[in-house]
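J.: Protein chains in written order, with our numbering: chain A, 1 to 210; chain B, 1001 to 1210. Below are the structure tokens for one structure; questions will follow.
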């Protein structure tokens, strides 16, 4: 069985950065945006829309792009429910194929739960509010149009939606330590140092987890 | 400022073992039972009694030993409350003195909270129910008189009391990830490997945390 490392993370905590760094140190594949890219190919839905519903359970005011053409529709609740279920099922397929392919690090998308038969090493990354704010602010391009107040509100909102989404699909509480092998607070330790510490541990666990 | 590492842990999760191993790898002091031993000296209360109230918030049916003589008294609720407060205050003094003395690992006793001015690196150790049961069972001497059912019940009870005690004195939720730098699940990773991974990280954090 391949070695699968899943990363759940609070928005702005540096989980993606940690995932990339770990994949680099371990010399294994890294999947993040590739997940929604692949679902987009299979469902003909727009990546931005998928990104929003795959992780954030946002009630996205459509557009759904079909064949990359944007269409605005008023869809009823039932349609939306089927829609979520369809995307989630496709997501499960994509993740399983990734897990079958090779050792890898997978960020987000209920991957710890969807891949539980592969006994992943499950990491949860979090940080305090100020640290997440500072990290988001330093990604200037992405958030420069937001005031400090708006940015703080957005960070809370994204995490709230992630929790809602995770609960909806897994029946579990997002970020509950019992569902992870390790939970790491990045507020006062640089991501690189955390990755350097975890890499040898992750190298050694294959025998335990498979 | 000295490097202080505090360890909170679920009963049977191997937190004490991890603490000892880390102290050995880092070549620094380790405090665990020494805390209640020191409080016992200062308060003239029995260690067993202190152990029960320092961490577990158990409504211990007295004996209090005074000068090592056991006395059974019926004390009112108010007396007991003062008593808890007195012990907790002494505990804070003892922990601060330990933190002032040298770099150290301190297990239990609300140390993460009581030493927050020393910016400790705060570890929380946990495990799933089966793993904790197996670890407790392997300490045969200590629990051999208990049936499996009794042992499982005891593990839950101790953790419940620890949570209650922590909440009572700190106003915080015991084991809430926000209050720790790292939370580690020992269910499927050997303690020694965790210690080996954490030691370099802990060596490097001094500049960050002080």
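Cβ atoms here follow ideal geometry from the backbone N, Cα and C, with glycine treated the same way. Treat the numbers as computed from the prediction; the structure is a model and nothing was measured.
(1) Measure the beta-carbon distance from residue 113 of chain A to residue 37 of chain A and round it to whole angstroms, keeping in mind my assumption that it falls under 8 Å.
(2) Alpha carbon to alpha carbon, how far is residue 1165 of chain B from residue 1110 of chain B?
(3) Any Cβ of chain B within less than 8 Å of the Cβ of residue 184 of chain A?
(4) Which class does residue 212 of chain A belong to by DSSP, given the choice of helix, strand or coil?
(5) What does the Cβ neighbour count give for residue 179 of chain A, buried or exposed, with the cut at 16 atoms within 10 Å?
(6) At 3 residues or longer, what runs of the beta strand (DSSP E) sit wholly inside the segment 1107-1175 of chain B?
(7) Residue 1018 of chain B and residue 1191 of chain B look like a contact to me (Cβ under 8 Å); what is the Cβ gap, rounded to whole Å?
(8) Beta carbon of residue 1017 of chain B: closer than 7 Å to some heavy atom of the ligand MG?
(9) If you measure from the beta carbon of residue 1193 of chain B to each beta carbon in chain A, is any gap under 8 Å?
(10) So with CB distances below 9 Å, who are the chain A contacts of residue 1200 of chain B?
(11) Is there contact here, the segment 31-51 of chain A with the segment 124-141 of chain A, by at least three beta-carbon pairs under 8 Å?
(12) Between A:161, A:103, A:133, A:156, which lies nearest to residue 186 of chain A when the distance is taken from Cα to Cα?
(13) Checking contacts by CB at 8 Å: is residue 1189 of chain B closer than that to chain A?
(14) Select from B:1177, B:1088, B:1108, B:1129 the residue whose C-alpha is nearest the C-alpha of residue 1211 of chain B.
(15) Counting only beta-carbon atoms, is residue 1131 of chain B nearer than 8 Å to chain A?
(16) Just to make sure I have the definition right: I need the residues of chain B whose C-beta is within less than 8 Å of the C-beta of residue 177 of chain A. Which are they?
(17) Below 9 Å on C-beta distance, what does residue 166 of chain A contact in chain B?
(18) Using a C-beta to C-beta distance shorter than 9 Å, which residues of chain A count as neighbours of residue 1180 of chain B?
(19) Within the 8 Å Cβ cut-off, does residue 205 of chain A reach chain B?
(20) Residue 1147 of chain B to residue 22 of chain A, Cα distance in whole Å?
(21) Measure the beta-carbon distance from residue 120 of chain A to residue 5 of chain A and round it to whole angstroms, keeping in mind my assumption that it falls under 8 Å.
(22) Just verifying my parser: in three-state terms, what is the DSSP assignment at residue 43 of chain A?
(23) Determine the burial state of residue 1189 of chain B: buried for a count of at least 16 other Cβ atoms within 10 Å of its Cβ, exposed for fewer.
(24) Report the rounded CA-to-CA distance for residue 50 of chain A versus residue 8 of chain A, giving the unit in angstroms.
(25) Short of 6 Å in beta carbon distance, which residues of its chain neighbour residue 103 of chain A, apart from the five on each side in sequence? Order them along the chain.
(26) Within 10 angstroms of the Cβ of residue 90 of chain A, are there 16 or more other Cβ atoms? Answer buried if so, exposed if not.
(27) Can you name the start and end residues of the beta strand (DSSP E) that residue 1177 of chain B belongs to?
(28) Please report the straight-line C-alpha distance between residue 129 of chain A and residue 159 of chain A, rounded to a whole angstrom.
(29) Leaving out five residues before and five after residue 170 of chain A in sequence, what residues of the same chain have Cβ atoms less than 7 Å from its Cβ?
(30) Going by C-alpha to C-alpha distance, which of B:1125, B:1155, B:1094 sits closest to residue 1041 of chain B?
(31) Just how far apart, CA to CA, sit residue 1039 of chain B and residue 1010 of chain B?
(32) Would you identify the three-state DSSP class for residue 7 of chain A, choosing helix, strand or coil?
(33) Rounded to a whole number of angstroms, what is the C-alpha to C-alpha distance between residue 1177 of chain B and residue 163 of chain A?
(34) Tell me where the alpha helix (DSSP H) around residue 19 of chain A begins and ends.
(35) Nearest CA to the CA of residue 1025 of chain B: which residue from B:1046, B:1015, B:1105, B:1012?
(36) Check this for me: beta carbons of residue 14 of chain A and residue 125 of chain A, under 8 Å apart or not?
T.: Walking through what the data contain:
(1) By one-based count along the first chain, residue 113 of chain A stands at place 113. By one-based count along the first chain, residue 37 of chain A stands at place 37. That pair is no contact at about 21 Å.
(2) Along the second chain, one-based indexing puts residue 1165 of chain B at 165. Along the second chain, one-based indexing puts residue 1110 of chain B at 110. For residue 1165 of chain B and residue 1110 of chain B, the distance between alpha carbons rounds to 9 Å.
(3) Here residue 184 of chain A corresponds to residue number 184 of the first chain, with the count starting at 1. Chain B contact via Cβ: present.
(4) Residue coverage of chain A in this structure runs from 1 to 210, which leaves residue 212 of chain A outside it and unanswerable.
(5) Taking the first chain and counting its residues from 1, one reaches residue 179 of chain A at position 179. Buried.
(6) 1121-1126
(7) For the purposes of this step, residue 1018 of chain B is identified with residue 18 of the second chain, where counting begins at 1. For the purposes of this step, residue 1191 of chain B is identified with residue 191 of the second chain, where counting begins at 1. Right, the Cβ-Cβ distance comes to about 5 Å (below 8 Å), so this counts as a contact.
(8) The ligand MG is not part of this structure, which contains no ligands at all.
(9) Taking the second chain and counting its residues from 1, one reaches residue 1193 of chain B at position 193. At least one chain A Cβ lies under 8 Å of residue 1193 of chain B.
(10) As a position in the second chain, residue 1200 of chain B is number 200, starting the count at 1. Neighbours of residue 1200 of chain B on chain A, chain order: 193, 196, 197, 200.
(11) With the rule of 3 Cβ pairs closer than 8 Å, the segment 31-51 of chain A does not count as touching the segment 124-141 of chain A.
(12) On the first chain, residue 186 of chain A is found 186 positions in, with the first residue counted as 1. Nearest C-alpha to residue 186 of chain A: A:133.
(13) Translated into positions along the second chain, residue 1189 of chain B becomes position 189. Yes, because at least one Cβ of chain A sits closer than 8 Å to the Cβ of residue 1189 of chain B.
(14) No answer is possible for residue 1211 of chain B: it lies beyond the span of chain B, which begins at 1001 and ends at 1210.
(15) To locate residue 1131 of chain B, count along the second chain from 1; it is residue 131. No, no contact with chain A.
(16) Taking the first chain and counting its residues from 1, one reaches residue 177 of chain A at position 177. Ordered by position in chain B, the residues that pass the 8 Å Cβ test against residue 177 of chain A are 1124, 1126, 1175, 1177, 1183, 1185.
(17) For the purposes of this step, residue 166 of chain A is taken as the residue at position 166 of the first chain. Those within 9 Å of residue 166 of chain A in chain B number zero; the least Cβ separation is about 15 Å.
(18) For the purposes of this step, residue 1180 of chain B is identified with residue 180 of the second chain, where counting begins at 1. Chain A residues near residue 1180 of chain B: 183, 185.
(19) For this step, residue 205 of chain A is matched to residue 205 along the first chain. Yes - at least one Cβ of chain B is within 8 Å of the one on residue 205 of chain A.
(20) Residue 1147 of chain B sits at position 147 when you count from the first residue of the second chain. Residue 22 of chain A sits at position 22 when you count from the first residue of the first chain. The alpha-carbon atoms of residue 1147 of chain B and residue 22 of chain A are separated by roughly 44 Å.
(21) Position 120 of the first chain, counted from the first residue, corresponds to residue 120 of chain A. Position 5 of the first chain, counted from the first residue, corresponds to residue 5 of chain A. That belief holds up - the Cβ atoms of residue 120 of chain A and residue 5 of chain A are roughly 6 Å apart, short of 8 Å.
(22) Position 43 of the first chain, counted from the start, is the residue given in the question as residue 43 of chain A. If DSSP states are grouped into helix, strand and coil, residue 43 of chain A belongs with the helices.
(23) Counting from one through the second chain, the residue named residue 1189 of chain B turns up at place 189. Answer is buried; the Cβ neighbour count reaches 16.
(24) In the first chain, residue 50 of chain A corresponds to position 50, counting from 1. In the first chain, residue 8 of chain A corresponds to position 8, counting from 1. So the two alpha carbons sit approximately 18 Å from each other.
(25) Within the first chain, the letter at position 103 stands for residue 103 of chain A. Within the same chain, residue 103 of chain A has close Cβ partners 2, 3, 28.
(26) Locating residue 90 of chain A in the first chain gives position 90, where the first residue counts as 1. Buried is the label assigned to residue 90 of chain A, since at least 16 other Cβ atoms lie within 10 Å of its Cβ.
(27) The count along the second chain starts at 1 and reaches residue 1177 of chain B at position 177. Element bounds for residue 1177 of chain B: n/a, residue is neither H nor E.
(28) Counted from its first residue, the first chain places residue 129 of chain A at position 129. Counted from its first residue, the first chain places residue 159 of chain A at position 159. Near 11 Å, if we compare the C-alpha coordinates of residue 159 of chain A and residue 129 of chain A.
(29) Within the first chain, the letter at position 170 stands for residue 170 of chain A. The answer, listed in chain order, is 110, 113.
(30) Your numbering for residue 1041 of chain B matches position 41 in the second chain. Measuring from the Cα of residue 1041 of chain B, the nearest candidate turns out to be B:1094.
(31) On the second chain, position 39 is the one that residue 1039 of chain B refers to. On the second chain, position 10 is the one that residue 1010 of chain B refers to. Each residue's alpha carbon lies about 23 Å from the other.
(32) Against the first chain, residue 7 of chain A aligns to sequence position 7. Reduced to three states, the DSSP call for residue 7 of chain A is strand.
(33) Residue 1177 of chain B sits at position 177 when you count from the first residue of the second chain. Residue 163 of chain A sits at position 163 when you count from the first residue of the first chain. Computed Cα separation, rounded: 15 Å.
(34) On the first chain, residue 19 of chain A is found 19 positions in, with the first residue counted as 1. That run of the alpha helix (DSSP H) goes 15-26.
(35) On the second chain, position 25 is the one that residue 1025 of chain B refers to. For the residues B:1046, B:1015, B:1105, B:1012, the minimum Cα distance to residue 1025 of chain B belongs to B:1105.
(36) Translated into the one-based positions of the first chain, residue 14 of chain A becomes position 14. Translated into the one-based positions of the first chain, residue 125 of chain A becomes position 125. Yes; because the gap between Cβ atoms is below 8 Å, this pair is in contact.
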